[in-house]
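*Asks:* Sharing a structure with you now.
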Amino acid sequence: MAGIAYEQALANLRKSDYASPPELTDKQSLLKKYHPDYQEGSTQKLVVGANKGDACPTTLAKLLQSNAPITDADLAGALVINTEVLVVGAGGAGCAAALEVSAAGRKVILATKLRIGDSNTVMAEGGIQAAVGEDDSPQTHYTDTLKAGHLCADKKLVAQLAISAPKTIRWLIEQGMSFDREDTSSLSSKLLRKKPGGATRARILSFKDYTGVEMMRVLREAVELDERIIVWNRCPLVELLSDEDGNCVGGVVYDLSTHRFMLVRASKVILATGGTGRLHLNNFPTSNHYGATADGMVLAYRIGAKLREIDSYQYHPTGVAWPSFRLGGLISEAARSAGAYLVNGEGKRFIDELLPRDIVSSAILRECAEGRGVEREGKVGVFLDVPDLERRNPGILKDRLVSLSHLGKQCDIDLTKEPVMVRPTLHYQNGGVVIDENGMTTVPNLYCVGEMSGGIHGRNRMMGNALQEIITFGRRAGEHAALTANQYPAPKVGLFHLYNWQRELILSNVPTDVYGPILFPEYGNFDFHKEISLRTRTKHSVKSNNDSH
Amino acid sequence: MKENNCVSLVVNGKQLKADEGCSILEAVMKSGETVTDNIGCSGQGVCGSCRVLVRRQDEKKIISTLACETKVEEGLQVSFLDHLPVNHRQHVYKTNDWEGKSWNILQRINEVFPEAKHCRHCGGCDNACPKHLEVQKGVNMAAEGDLNAAAIFNECIMCNLCTIACPEMISPNHLGTYVRRLTTAMTLRPSDLLRRLHQIDSGEMTIDLDAEIK
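Going line by line, the protein sequences match chains U and V. Its first residue numbered 1, the first sequence is counted upward by one per residue in our numbering. Its first residue numbered 1001, the second sequence is counted upward by one per residue in our numbering.
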């Protein structure tokens, strides 16, 4: 892919009259031609499991149809721990769930692959949707969300999201999370509102342009100070536990520090392990956190949970396109929301910047594919004209777009003078595990919340609905699980679901030597299957060393 | 030795070669090391996981920074810092401690963070902060009950480097978060939110699932 050389493009930009972009008349054909979801050959149909016959990206299909790396023999002698509720994943959704379980007085273990707080939540910049404006209502929030998602979301889930949103904000304030106000000198000032792409009202509430940092540090502190929540860092879930009837009865956790398995017998399991960005679907760079490798979704599918819209992904329009060490990094929609223009290599605006993300992304990919992009050191993108925004709103970079200013410093770009090069980046999994309003899946005792769940966003997510979703549904799942948990764990727990699964794989001619979940991206140089065999060998070699003494 | 656009550096005692322009974190991954810890946002600089001590070639000074946003250099010496031990928390409080006690804020701060008023003004926290916040100033303000300290910690990413650096065990970042949480939870009452909550609670505002979508 070639584009207009950077210096030339910069000269064109400086001569630009910023005329309004041409009106988009045929959204559908733009999406079909340029959106990665629609590209031929990028998907395949699943042949096993609850979604047999449905298509999803090839990379994901391989993992959804993977085999478990562990067997009963691996678990012999493993530590067995009982709890009432097991929450997996310590981003915003997992922490919110754990806090509610604890508030209800139930025993809860919060296990996380990396470290509490290391998640996509902390990386969220733009904000959180809640209809608090006088010109707005939960009904309008509901309608906007359904429309942006191409009318295929679950209406009940969207309604729950919209009606709960103001209460969620109240809960966050009670936890100590701060929000920007219209008038900073008044404690009862109205909240500062921004308009998300695709919305009819200004509905985004935020804290500067690092809303996720503010949210996550408050939730992390709340969890860490709650003596009733047991937090296990560096403890990924590697398999769910089932009984003979196919109910979920706990999970197998692997402690990366001590290299040992732990069997957690739990009455309820809440998965909040996040999305799929780090699978780099269609070879796209990603704005996602290192841990976003679809673990929870793979395990939920294997135990029988149904998925939806798993062929629908969000490519955020403004990922960093240059320099390469920040490739795919996110530039929040806050910049476009504040009025920054997208300009191609010819110095022309080409799309209304505040249309839904899938459309803006497709338009950028079209400019790049048709040679009107900007090329620098082999990377192609378009300009996000931050200097022009700063000219029109002096001080905006310093006051409101702090994360963007920080990015400028990282990349040695003076954003008051030089535009930044952007290109779509793999950002969000629109679909996921089918849930009800309490986060319950189709598998008894198993809940899924946050990005790994599906049905709230339809086929396209609006800015600010992710942060709203994780808290609303995280809390609801926590409350519901606590209310219905049995303090006595199931008498018989095992890997019963695996036997059927493996039989299905063999009958469908799916290779059984592909193991999942992968837990870390390929460049993390981690192979769980090897890790286990190494562990076995180490154990033996220690023994033989002892024998020789 | 420097080769074509390639530099040598030492990470955790191990010699690595890396392309110029890449971050320390990228260099570690490209060298084939298994990376399952000290990593998170991978470049955005917001999660505080990849904390490192760094010494540049021919320099005595050791600085603390984040590996994901620090580029490799010839002769760089890097040590990743382990996470804090599990029992590092000294300052424990409950959010309901705040209720009805807004006139006792200074007392509350002193009870939860008794060390805060012992600050030696050594500047260790300021030097340790990868975000270059005025940590010490924030600690001193908080210790005097000045709640404007909250703003100083606006951009804190809770990497805990100031906590490690503090000889008085003050845990400045946790003190900052405490003041931030307390002021928000006790004082932020936006009028538009109050009104909307009332409208929903009273049943004045509901959602019609079957409303026509235009």
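A virtual CB, placed ideally from N, CA and C, is assigned to each residue, including glycine.
So is D295 (chain U) in contact with chain V if we call contact Cβ pairs under 9 angstroms?
*Replies:* No - not a single Cβ of chain V is within 9 angstroms of the one on D295 (chain U).
*Asks:* From this set, U:D54, U:D245 and U:I169, which residue's C-alpha is nearest Y499 (chain U)'s C-alpha?
*Replies:* The shortest Cα separation from Y499 (chain U) among U:D54, U:D245 and U:I169 belongs to U:D245.
*Asks:* Determine, using beta carbons only, whether E239 (chain U) comes closer than 9 angstroms to chain V.
*Replies:* Output row for E239 (chain U): interface = no.
*Asks:* At a CB distance below 8 angstroms, what residues from the region 141-167 of chain U approach chain V? Give them in sequence order.
*Replies:* Answer set for the region 141-167 of chain U: Y142, T143, L146, K147, L151, K155, K156, A159, A162, I163, P166 and K167.
*Asks:* N1211 (chain V) touches chain U at which residues, Cβ-Cβ below 9 angstroms?
*Replies:* Reading the sequence as shown, one finds Ala at residue 1211 (chain V) and not Asn. What A1211 (chain V) touches in chain U: Q139, Y142 and T143.
*Asks:* Tell me which residue opens and which closes the beta strand (DSSP E) that C152 (chain U) is part of.
*Replies:* No beta strand (DSSP E) contains C152 (chain U), which DSSP labels as neither H nor E.
*Asks:* Within a Cβ cutoff of 7 angstroms, which residues of the same chain sit near A363 (chain U), ignoring the five residues on either side of it in sequence?
*Replies:* Answer for A363 (chain U): L30, F350 and I351, listed in chain order.
*Asks:* Can you give me the start and stop residues for the beta strand (DSSP E) that C448 (chain U) sits inside?
*Replies:* Element bounds for C448 (chain U): L446 to C448.
*Asks:* Please return the same chain residues whose Cβ sits closer than 6 angstroms to the Cβ of S206 (chain U), not counting the five positions on each side in sequence.
*Replies:* The answer, listed in chain order, is G127 and D180.
*Asks:* Would you please verify whether the beta carbon of R1120 (chain V) is less than 9 angstroms from any beta carbon of chain U?
*Replies:* No, because no Cβ of chain U sits closer than 9 angstroms to the Cβ of R1120 (chain V).
*Asks:* With a threshold of 9 angstroms between beta-carbons, can D17 (chain U) be considered close to chain V, or not?
*Replies:* No, no contact with chain V.
*Asks:* If I'm right that A90 (chain U) touches V231 (chain U) with Cβ under 8 angstroms, what's the distance once you round it to whole angstroms?
*Replies:* Yes, they are in contact, since the Cβ atoms of A90 (chain U) and V231 (chain U) sit about 7 angstroms apart, within 8 angstroms.
*Asks:* Please state the DSSP three-state secondary structure of W1103 (chain V).
*Replies:* W1103 (chain V): helix per DSSP, three-state reduction.
*Asks:* Against S1023 (chain V), what residues of chain U qualify as contacts under a CB-to-CB distance less than 7 angstroms, listed in chain order?
*Replies:* Correct list: F325.
*Asks:* Note down, in chain order, all residues in the region 205-218 of chain U with a beta-carbon under 8 angstroms from any beta-carbon belonging to chain V.
*Replies:* Under the 8 angstroms Cβ criterion, the region 205-218 of chain U contributes K208, Y210, G212, V213, R217 and V218.
*Asks:* Are the beta-carbon atoms belonging to L426 (chain U) and Y301 (chain U) less than 9 angstroms from one another?
*Replies:* No, the Cβ-Cβ distance between L426 (chain U) and Y301 (chain U) is not below 9 angstroms.
*Asks:* Rounded to whole angstroms, how far is the Cβ of N1160 (chain V) from the Cβ of N1140 (chain V), which I believe are closer than 8 angstroms?
*Replies:* About 20 angstroms separates the two Cβ atoms, so there is no contact after all.
*Asks:* Listing by chain order, which chain U residues have their CB less than 7 angstroms from the CB of E1033 (chain V)?
*Replies:* The answer, in chain order, is N525.
*Asks:* Got a sec: is the Cβ-Cβ distance from D1146 (chain V) to anything in chain U below 9 angstroms?
*Replies:* Judged by the 9 angstroms Cβ criterion, D1146 (chain V) is not in contact with chain U.
*Asks:* So with CB distances below 7 angstroms, who are the chain V contacts of D118 (chain U)?
*Replies:* Near D118 (chain U) (Cβ distances below 7 angstroms), the residues of chain V are G1040, C1047 and S1049.
*Asks:* From the beta carbon of Q564 (chain U), is the nearest beta carbon of chain V less than 9 angstroms away?
*Replies:* Residue 564 (chain U) cannot be examined here, being either before or after the span of chain U that is shown, 1 to 549.
*Asks:* For S290 (chain U), go through chain V and note every residue whose CB falls closer than 7 angstroms to its CB, in chain order.
*Replies:* In the sequence under discussion, the amino acid at residue 290 (chain U) is Tyr, which differs from the Ser named in the question. I1039, G1040 and S1042, listed in chain order.
*Asks:* Identify the contact partners of V402 (chain U) in chain V, using a Cβ-Cβ distance below 8 angstroms as the criterion.
*Replies:* Simply E1155.
*Asks:* Is there a Cβ of chain U sitting closer than 9 angstroms to that of L1106 (chain V), yes or no?
*Replies:* Chain U, which has no Cβ nearer than 9 angstroms to the Cβ of L1106 (chain V), makes this no.
*Asks:* According to the Cβ coordinates, are A131 (chain U) and P166 (chain U) closer than 9 angstroms?
*Replies:* Taking 9 angstroms as the Cβ cut-off, A131 (chain U) and P166 (chain U) qualify as a contacting pair.
*Asks:* Taking CB distances under 9 angstroms as the criterion, tell me whether A222 (chain U) reaches chain V.
*Replies:* So yes, A222 (chain U) belongs to the interface.
*Asks:* For the region 441-450 of chain U and the region 387-400 of chain U, state whether three or more C-beta atom pairs, one from each stretch, are separated by less than 8 angstroms.
*Replies:* Too few Cβ pairs lie closer than 8 angstroms, so no.
*Asks:* When the distance is taken between beta carbons, is G1138 (chain V) closer than 9 angstroms to I1109 (chain V)?
*Replies:* Their beta carbons are not under 9 angstroms apart, which means I1109 (chain V) does not touch G1138 (chain V) by this criterion.
*Asks:* Under 7 angstroms Cβ-Cβ, which residues of chain U neighbour E1069 (chain V)?
*Replies:* The answer, in chain order, is Q410.
*Asks:* With a threshold of 9 angstroms between beta-carbons, can L446 (chain U) be considered close to chain V, or not?
*Replies:* It does not: the Cβ of L446 (chain U) has no partner Cβ on chain V nearer than 9 angstroms.
*Asks:* Looking at the strands, I want to know which residues DSSP matches up with I270 (chain U).
*Replies:* BP columns for I270 (chain U) point to U:V87 and U:Y447.
*Asks:* If contact means a Cβ-Cβ distance below 8 angstroms, which residues of the region 166-190 of chain U contact chain V?
*Replies:* Going along the region 166-190 of chain U in chain order, one finds P166, K167, I169, R170, I173, E174, Q175, G176, M177, S178, F179, R181, L187, S188, S189 and K190 with a Cβ nearer than 8 angstroms to chain V.
*Asks:* Tell me the DSSP bridge mates of D515 (chain U)?
*Replies:* Note on identity: in this sequence residue 515 (chain U) is Tyr, with Asp being the wrong assignment. DSSP, once it has assigned bridges, lists U:N67 as partnering Y515 (chain U).
*Asks:* Quick one: what's P57 (chain U) bridged to in DSSP?
*Replies:* According to DSSP, which records beta bridges pairwise, P57 (chain U) is partnered with U:T43.
*Asks:* Below 6 angstroms CB to CB, which residues in the same chain sit around P138 (chain U) once its five sequence neighbours on both sides are set aside?
*Replies:* Here the set comprises A131, A162 and I163.
*Asks:* Could you list which residues in chain U have their beta carbon closer than 7 angstroms to that of E1026 (chain V), in chain order?
*Replies:* Here the neighbours are F325.
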